[in-house]
Ligand SMILES: Nc1ncnc2c1ncn2[C@@H]1O[C@H](COP(=O)(O)OP(=O)(O)OP(=O)(O)O)[C@@H](O)[C@H]1O
Ligand SMILES: Nc1ncnc2c1ncn2[C@@H]1O[C@H](COP(=O)(O)OP(=O)(O)OP(=O)(O)O)[C@@H](O)[C@H]1O
Ligand SMILES: [Mg+2]
Ligand SMILES: [Mg+2]
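Structure follows, in structure tokens:
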């Protein structure tokens, strides 16, 4: 089933056409890769998908619990709709502990109101307990439980990326958007991350969309890949198809790529 | 319910009551005379102000330089209700709280988009606007102020309202709402992406903070008997901010301790008028550089898990 | 007719003073992102220096102006080194409170030495009122001096920040201190330079205000400082022509509001405009849009 | 293989770290690090996240202060020299995380990169070259750098670092966030400027590439040097393979 | 309260508290008053003190803030056990300072808070422990309105007042009522804020309304600038003011030329040649290196008046002092002869001065 439908989507910044006439469908329970040269518009595309930017034209439709179209996309509503993301430049709550970072991810599942929290009514304790359990589970999955009381800013880069993913998962999303999750990781760590993403996807029954320049991860993980260049969609297909596409090799992968991989 | 009846909570409640009764006793014995009590009122009001500003600035990261304006609104509301309309104090307090909270919504909503220093300047402007409106408000006495406001503030009211402020704000902070608010300070975009309705929380926090500042204003008006717009100017806002920063942003306990400490500093400088402000300035500066609040912060844990 | 022309002139004269002070404010804010609340008080010190030079030592206008600028520039450098530098990299609020502390220190330090009462400048510029065509309106020749000097300093500052290496260093530093150092920019020197320039501008403003209004006192810096800051924000803080624009804009608005019979609320209107401008364009009328990208 | 192909008596040590230690508060990030870079070499520094690579570079360029040891550059200890002075000695550092000036245009960013230089004509030529190397930057010349895409910012950071015409170039993860095609280009550029006389100390997560392009390499682990050797040997070292090259 | 232990009658010295604005935005006035007070008590002590004891001044700063004023008042009453509190300077701060004084039954005397409701509460009842030694706003306002309309014969007056000062506001209200009652017309009323420096806009508006006379109830700092700028704009009508103008600074700021045709009401004439005034001026000049202004003189007189009341009370007892103060009659000071009325307001003559060649000179006297 197509979970996200993108129609004729464009975004301009002044003269810069960052995204142009993109038509894409994202299938449920698949891992979809978005690749393309620097400045191709991938991050912009994510920002459109999460309501941080409004499209200059075109439309995005989510078929989640309800149908939501781009007019109603707002960053703070995405989590409720079931869409969570990570950022290319890590955006953790630096001064908060790892535990609290992930706890914030659970925010949209909290239901008790302000009054119960001030009066400490039973619903408060119930809600907090459920949240703590969820966060504990996630931290264990990501092997971060012993670092739960560290301030986020004190973690190494790789761990920070993992906390970001855990935080996104705490929202119980159906769609997970990852922007360059492997950036700054060495090949070893990338391998581990690849496995982790695969596992998480299966375990939580997610639909994953990811942007990545590390082809080892992309080729291993993705069911389908879309290639952007100068805001346009220049190719789509399975990893094998894309990898051998002349245009993609020329614009993105480079001549040596095949030899090196 | 059993979580509420833990031993710790019982101890806390007993402690709170014990302090109340002890002070009451000392007042009756005359150990706490009118001068000490006056200073206790000042400190108590400052505690409420600082803790409520801490919610806005310390926890949520919304830089406000206009907190005294909310206090002014509360003070005038209560003064009018009790002095001009002759209503009981409780009405004055509720009126003050509501009026100030409304003002909080009023200033919080349009300035949502502003960040950091720009918000600071906008709130400073708001504070000045309130003051100027006060100066021109005939019914409220204009520049001449309002006097002969009945003195209703006593130890019971003061203490009850301090406790109320502390309980409400710290319980608010130690809930998912509080975490949401802190995450806004850390990274607004990430926070929104996690489903935190940042606009709602910012306005909410502004109005809760304003509400308590309004209550502080009511206590002030109904103790000090006389108010005028200039009592709630920019420097008053700065004084509150100094208490908050000195106590540590995001530390309620710190705000309480520093409200007491700074009042004592101010008292001790009364008798050296020529150098009072110079010394005060140097103290401020030293505090900013040597950060005594880091000492306090060793004890604080705003996000202590409850459940 | 006379009234309208006269009010416009009043507005421009007042605005030129705001603009002059706003230049220094914007300069410092633009580089180290600090609302330097002490700026107005450096101005006050400049005014007293000018007062001492012209009134006691008999200097004439230009030398007094220059000496006062240099002295205030040095004062600014010292303030930065002593008060702000230890807090560099700390929280914004601490820096702001320190700035307020410096402001109080200068105000009351000065008061301790010269007393709270005001002093009066000697007339060092001709006290001539020029007739404006045949309208009956007059303009004070001192206003012309101020306008001229403001525009001159604005052009000079724009040149410095946009064209010279020092200026580029300042801007780079304001955006990323570490990276600027890696480009070979000496942070301390550049910040000192910025404070020197900004405070020298305050010194100039102090002397000119002293001459224009003829009275000075230790607390004189606070209000114009705040107004100038508002001007700088309206124009887009950190942006030099913005500060001048904001200054004239605020001067004219205040005058128009007063002239329309609402003098009592002119400051409220000024702040209201500030808030409105910030709401419509959060970085000021001539400000950049923020370059933060997610 | 530029450096090592010269006669041995002409090789001079450009940079030498002797027993270098660095602390962040109570945390010791570098422990007794010994490392040297000969003139004309490309040396790579490899290690897991948090092993202290960035710290090493930041300490060399004066952004962090050592807590022990010394940093000799051309025989002189520079561990107390100001960062801005170190640049003038010929060390240019392309920092981790790009650190471009967001509210300056691409062009102005480059200008700042050349701010210490006095040779105007050569600067003009180097600008030309930057744009030849990264045509994307020419397209975006007047855009505010903060609005560039991640990869574009990385290109800008590298170009800006090169404009100082350093003797010693410190690169911190230059390939991060770059498209595969560009990654290769970057490494070719590194090789070219090295051939033209610039010595390079390279920190890289992509250990394959780093070792492919460098003469020698050091492996950092938890703040100390775990291994060092010629790159061609390191590539074949089993331990390195397992830990850093993905098996 | 603990007023009981507050008796200071048997102490070695007599303590008097000064609760003044020594920092903050009206510290100029506070300092001026304190200068006058300190000079007076020094003279008194040199002459042997009061009731055979030396007077000890406890000087405390209230930062020009209302809550501090209350705090200081309470402190002086309970901690320092003063027999009386002098100050604060402004009406607002006096209103804040008086509840603790009343509560502890300490007489509080202000030499400069002119608001009518300082000594009267909202029910019109006199506040038992509060006294003032300066004119009430109503008195000066009415006097100047009469003077402008009847004496000078001006039918159209413009007012430029200080919106932040209750003094200015009080004068304006009373002036307007009387003036309009007499049949005059207020053609323009504009207002500024204390510490403003640019009045040209307001003056341009006022000029356009073609007044015969300009009434400026304010303090010399601003009024000096106003008169100067008015003349620069070509607004050359006579200017009227009240005792807030009385300071040598006025001349310094505005210049002699601009001050031609300026009249103001005051307690006394500093150009007075009576020996007391001359001696005071000389002594003051010697002590502080400047000519005295109205605040200096008022502070000085208040000090002597309190000393006088203490002598009459016969002991440094708060209650007795209060009664003696209330009974003050024909006390002769620099600023005129003063009798306390039943509302604890002074009855004293007002002098109207005209500035001629920069010198305020006696123009006429108005008995209360
Ligand atoms: N706010 C903005 N203003 C102007 N131009 C912008 C803005 N945001 C993005 N751009 C431009 O749009 C283009 C696409 O940027 P985007 O960040 O989407 O690229 P990307 O595909 O994620 O690249 P990378 O792989 O390097 O991260 C870039 O050329 C960038 O310069
Ligand atoms: N400013 C800082 N304050 C405290 N600790 C720090 C700071 N910067 C780095 N560290 C710590 O020092 C150690 C080394 O960090 P460094 O950034 O040098 O590692 P790195 O090898 O560059 O890692 P990465 O590959 O993730 O960039 C880490 O444990 C890190 O947590
Ligand atoms: Mg991107
Ligand atoms: Mg690193």
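Chains as they are written, first to last, in the working numbering: chain A, 75 to 335; chain B, 12 to 318; chain C, 9 to 302; chain D, 631 to 877; chain E, 45 to 412.
Glycine is no exception: its CB is placed at the ideal position from the N, C-alpha and C atoms.
(request) Report all residues from its chain with a CB closer than 8 Å to the CB of residue 808 of chain D; omit the five preceding and five following residues, and keep chain order. (result) Along the fourth chain, one-based indexing puts residue 808 of chain D at 178. If we look at residue 808 of chain D and ignore the five residues flanking it on each side, its Cβ neighbours are 781, 784, 785 and 816.
(request) Run down chain C in chain order and give the residues with a C-beta less than 7 Å from the C-beta of residue 15 of chain E. (result) As displayed, chain E neither begins before 45 nor continues past 412, which places residue 15 of chain E out of reach and without an answer.
(message) Let me check you understand the geometry: is the CB of residue 694 of chain D closer than 6 Å to at least one non-hydrogen atom of ligand 4?
(response) Numbered from its first residue, the fourth chain carries residue 694 of chain D at position 64. Remark: the C-beta of residue 694 of chain D is outside contact range of ligand 4, defined as less than 6 Å to any heavy atom.
(message) Any heavy atom of ligand 4 inside 6 Å of the beta-carbon of residue 683 of chain D?
(response) In the fourth chain, residue 683 of chain D corresponds to position 53, counting from 1. A distance criterion of 6 Å places the beta-carbon of residue 683 of chain D in contact range of ligand 4, judged by its closest non-hydrogen atom.
(request) Have a look at E/156, E/202, E/246 and E/289 and flag the residue whose alpha-carbon is nearest the alpha-carbon of residue 398 of chain E. (result) The residue you call residue 398 of chain E lines up with position 354 of the fifth chain. For residue 398 of chain E, the closest C-alpha among the options E/156, E/202, E/246 and E/289 is that of E/289.
(message) Less than 7 Å between the beta carbons of residue 250 of chain A and residue 242 of chain A, yes or no?
(response) Stepping through the first chain from its first residue, residue 250 of chain A is reached at position 176. Stepping through the first chain from its first residue, residue 242 of chain A is reached at position 168. Going by beta carbons, residue 250 of chain A and residue 242 of chain A fall inside the 7 Å limit.
(message) Does the beta-carbon of residue 116 of chain A, which I'm using as the reference point, lie nearer than 6 Å to any heavy atom of ligand 1?
(response) For the purposes of this step, residue 116 of chain A is taken as the residue at position 42 of the first chain. Relative to ligand 1, residue 116 of chain A has its C-beta within less than 6 Å of a heavy atom.
(message) Report the CB separation of residue 726 of chain D from residue 777 of chain D in whole angstroms; it is logged as a contact under 8 Å.
(response) Translated into positions along the fourth chain, residue 726 of chain D becomes position 96. Translated into positions along the fourth chain, residue 777 of chain D becomes position 147. Actually they do not touch by this definition, with Cβ atoms about 21 Å apart.
(message) At a cut-off of 6 Å, would you count residue 814 of chain D as near ligand 4, judging by its Cβ distance to the nearest heavy atom?
(response) Start at 1 with the first residue of the fourth chain, and residue 814 of chain D comes out as number 184. Residue 814 of chain D Cβ: outside cutoff for every heavy atom of ligand 4.
(request) Give the DSSP bridge partners of residue 677 of chain D, in chain order. (result) Numbered from 1 along the fourth chain, position 47 holds the residue referred to as residue 677 of chain D. Bridge partners of residue 677 of chain D according to DSSP: D/850.
(request) For residue 55 of chain B, collect the residues of the same chain with a Cβ closer than 6 Å to its Cβ; drop the 5 residues on either side in sequence, then sort them by chain order. (result) Residue 55 of chain B sits at position 44 when you count from the first residue of the second chain. So the qualifying residues of the chain are 169 and 173.
(request) With 8 Å as the C-beta to C-beta threshold (strictly closer), list the residues of the region 289–306 of chain A near chain D in chain order. (result) Within the region 289–306 of chain A, the qualifying residues are 289 and 290.
(request) Closer than 7 Å by C-beta to residue 325 of chain E: which residues in its own chain qualify, once you throw out the five before and the five after it? Chain order, please. (result) Along the fifth chain, read from residue 1 onward, the residue named residue 325 of chain E stands at position 281. When the five nearest sequence neighbours on each side are left out, the beta carbons in the same chain lying within less than 7 Å of the beta carbon of residue 325 of chain E are those of 314, 335 and 336, in order along the chain.
(request) May I ask you to report which of helix, strand or coil DSSP gives residue 634 of chain D? (result) The residue you call residue 634 of chain D lines up with position 4 of the fourth chain. At residue 634 of chain D the pLDDT is 46, less than 50, meaning the model places this residue with poor confidence; the figure from the coordinates comes in the next sentence. In this structure, residue 634 of chain D counts as helix in the three-state DSSP scheme.
(message) List, from N- to C-terminal side, the alpha helix (DSSP H) runs of 4 residues or more that fit wholly inside the region 103–154 of chain B.
(response) As far as the region 103–154 of chain B is concerned, its whole alpha helix (DSSP H) runs of at least 4 residues are 127–146.
(request) Please determine, among E/89, E/77 and E/105, the residue with the shortest C-alpha to C-alpha distance to residue 98 of chain E. (result) For the purposes of this step, residue 98 of chain E is taken as the residue at position 54 of the fifth chain. Sorting E/89, E/77 and E/105 by C-alpha distance to the C-alpha of residue 98 of chain E places E/89 at the top.
(message) Looking at ligand 2, does it come within less than 6 Å of residue 854 of chain D, judged from the CB to the closest heavy atom?
(response) Here the question's residue 854 of chain D lines up with position 224 in the fourth chain. False, no ligand heavy atom lies under 6 Å from that Cβ.
(request) Say whether chain B places a C-beta atom closer than 7 Å to the C-beta of residue 179 of chain A. (result) As a working note, residue 179 of chain A is residue 105 in the first chain. Yes - at least one Cβ of chain B is within 7 Å of the one on residue 179 of chain A.
(request) For the beta strand (DSSP E) containing residue 177 of chain E, list its first residue and its last residue. (result) The residue labelled residue 177 of chain E in the question sits at position 133 within the fifth chain. Neither: residue 177 of chain E is in no beta strand (DSSP E) and is coded neither H nor E.
(message) By the three-class DSSP mapping on this structure, what secondary structure does residue 310 of chain B have?
(response) Position 299 of the second chain, counting from 1, holds the residue named residue 310 of chain B. Below a pLDDT of 50, predicted positions are generally treated as unreliable, and residue 310 of chain B, at 48, falls in that range; the measurement from the model is reported next regardless. Three-state DSSP puts residue 310 of chain B in coil, outside helix and strand.
(request) Verify the CB distance criterion: does residue 190 of chain C have a CB-CB separation below 7 Å to chain D? (result) In the third chain, the residue the question calls residue 190 of chain C occupies position 182. Yes, contact with chain D.
(message) Against residue 878 of chain D, what residues of chain C qualify as contacts under a CB-to-CB distance less than 7 Å, listed in chain order?
(response) Residue 878 of chain D lies beyond the stretch modelled for chain D, which goes from 631 to 877, so this question has no answer here.
(message) Quick test of the definition: if touching needs 3 or more C-beta pairs under 8 Å, does the region 210–224 of chain E touch the region 155–165 of chain B?
(response) Yes, the region 210–224 of chain E is in contact with the region 155–165 of chain B.
(request) Note down the Cα distance separating residue 93 of chain E from residue 70 of chain E, rounded to an integer number of angstroms. (result) Your numbering for residue 93 of chain E matches position 49 in the fifth chain. Your numbering for residue 70 of chain E matches position 26 in the fifth chain. Between the alpha carbons of residue 93 of chain E and residue 70 of chain E lies a distance of about 31 Å.
(request) Return yes when at least one heavy atom of ligand 3 lies under 6 Å from the C-beta of residue 162 of chain A, else no. (result) Position 88 of the first chain, counted from the start, is the residue given in the question as residue 162 of chain A. Residue 162 of chain A Cβ: within cutoff of ligand 3.
(request) Examine ligand 3 and report whether any of its heavy atoms sits within less than 6 Å of the Cβ of residue 779 of chain D. (result) Position 149 of the fourth chain, counted from the first residue, corresponds to residue 779 of chain D. Yes, the beta carbon of residue 779 of chain D sits closer than 6 Å to at least one heavy atom of ligand 3.
(message) Would you say the beta carbon of residue 726 of chain D is closer than 6 Å to some non-hydrogen atom of ligand 4?
(response) On the fourth chain, position 96 is the one that residue 726 of chain D refers to. Set against 6 Å, the gap from the CB of residue 726 of chain D to the closest heavy atom of ligand 4 is smaller.
(message) Any C-beta of chain C within less than 8 Å: which residues of the region 136–170 of chain B qualify?
(response) Using a CB distance below 8 Å, the part of the region 136–170 of chain B facing chain C consists of 136, 137, 139, 140, 143, 144, 146 and 147, ordered along the chain.
(message) Please tell me whether residue 242 of chain E has its Cβ less than 7 Å away from any Cβ of chain C.
(response) Position 198 of the fifth chain, counted from the start, is the residue given in the question as residue 242 of chain E. Nearest CB-CB separation between residue 242 of chain E and chain C: below the 7 Å threshold.
(request) Could you have a look at residue 233 of chain E and say whether DSSP puts it in helix, strand or coil? (result) Residue mapping note: residue 233 of chain E aligns to position 189 of the fifth chain, counting from 1. Residue 233 of chain E falls in the strand class under three-state DSSP.
(message) Please list, in chain order, the chain C residues whose beta carbon lies closer than 9 Å to that of residue 74 of chain B.
(response) Position 63 of the second chain, counted from the first residue, corresponds to residue 74 of chain B. Chain C residues near residue 74 of chain B: 100, 101 and 104.
(request) Give a yes or no on contact between the region 265–275 of chain E and the region 317–324 of chain E, applying the rule of three or more CB pairs nearer than 8 Å. (result) No, they do not touch.
(message) With the cut-off set at 7 Å, would you say residue 225 of chain B and residue 84 of chain B are in Cβ contact?
(response) As a position in the second chain, residue 225 of chain B is number 214, starting the count at 1. As a position in the second chain, residue 84 of chain B is number 73, starting the count at 1. Between residue 225 of chain B and residue 84 of chain B, the CB-CB gap stays under 7 Å.
(message) Would you say residue 259 of chain C lies against chain B (beta-carbon separation less than 7 Å)?
(response) Numbered from 1 along the third chain, position 251 holds the residue referred to as residue 259 of chain C. No, no contact with chain B.
(message) So, under 8 Å CB-CB, residue 276 of chain B and residue 263 of chain B are touching, yes? Tell me the CB distance rounded to an integer number of Å.
(response) For this step, residue 276 of chain B is matched to residue 265 along the second chain. For this step, residue 263 of chain B is matched to residue 252 along the second chain. Residue 276 of chain B to residue 263 of chain B, Cβ: 20 Å. No contact.
(request) Label residue 671 of chain D either buried or exposed according to how many other C-beta atoms from any shown protein chain fall within 10 Å of its C-beta, with 16 as the threshold for buried. (result) In the fourth chain, counting from the first residue as 1, residue 671 of chain D sits at position 41. So residue 671 of chain D ends up on the buried side.
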